[in-house]
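These notes concern the structure reproduced below.
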Amino acid sequence: MITTENSRTKPLTGLGILKDLESFNINDIDEAIQELEDNIGKSYFGNGWEEKLQVLYSLKKFAEKKRLATEIFRLKEQLVERLTAMHGKHKAWVTVANLVNELQAEGKGREFVRDGLKIELERLENGFTAFDLLSADDIHALSSEIGIDPDTLYYAVTEIIAKRKSEVIE
């Protein structure tokens, strides 16, 4: 439960308040919100309680944004770690930065960025091939470019991938 300052503590001022906000647990904030919502009008009266509830809503929003930002940071670090082994540290950071920029450019929020990073991490962990990302239109365009029947190209690529996967399993 969130408690208020008692008489023996030094009052927080300036940026000290913001640093202390980072230590709040979102479960504690939810518990305090629930307590106020349950008791306002029953045992808590006056505008002061409504104002305190609004402050708690703001704290919850702040805590959720901070949690999401921390999660995105950790996902970026994991991606860089995985990509460094394949491409080197500089190229790994550039690749992750470009991916984050592309996801942010969609304008769908931090959750979208987090989910996109998770998908990319899964793709790296599961070893998706470039063929997994090709659409039927891509196969038709490539087949017409090199002068091969699309079905023949599709089956040839799937056979190569199947052989590689069976070699990995064995």
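Position one of the sequence shown corresponds to residue 0 (numbering that gives the first Met the number 0), numbered consecutively onward. Backbone N, C-alpha and C define an ideal beta-carbon position, used for all residues, glycine too.
query: Could you please give the first and the last residue of the uninterrupted alpha helix (DSSP H) stretch that includes N46?; result: 46 to 86
query: Who does I39 pair with in a DSSP beta bridge?; result: Y43
query: State the Cα-Cα distance for the pair L120 and F72, rounded to the nearest angstrom.; result: 13 Å
query: Taking a contact to mean a Cβ-Cβ separation below 8 Å, would you say L123 touches G115 in this structure?; result: no
query: Can you tell me where the alpha helix (DSSP H) with E144 in it begins and where it stops?; result: 135 to 145
query: When DSSP labels each residue in this structure, what does G115 get in the three-state scheme?; result: helix
query: Cutting at 7 Å between CB atoms, please list the residues of its own chain near A91, excluding the five before and the five after it.; result: V79, L82, T83
query: Check K170 in the structure and name its three-state DSSP category.; result: Examination of residue 170 is not possible in this model, given that the chain is present from 0 through 169 alone.
query: Would you report the Cα separation of E50 and I39, rounded to the nearest angstrom?; result: 11 Å
query: Counting pairs of beta carbons, one from the segment 59 to 77 and one from the segment 25 to 32, are three or more of them closer than 8 Å?; result: yes
query: Tell me which same chain residues have a C-beta within less than 6 Å of the C-beta of L74, skipping the five on either side of it?; result: L116
query: Using CA coordinates, which residue listed in F44, A135, E105, V112 is at the minimum distance from V95?; result: V112
query: Can you give the Cα-Cα distance for A161 and H86, rounded to whole angstroms?; result: 25 Å
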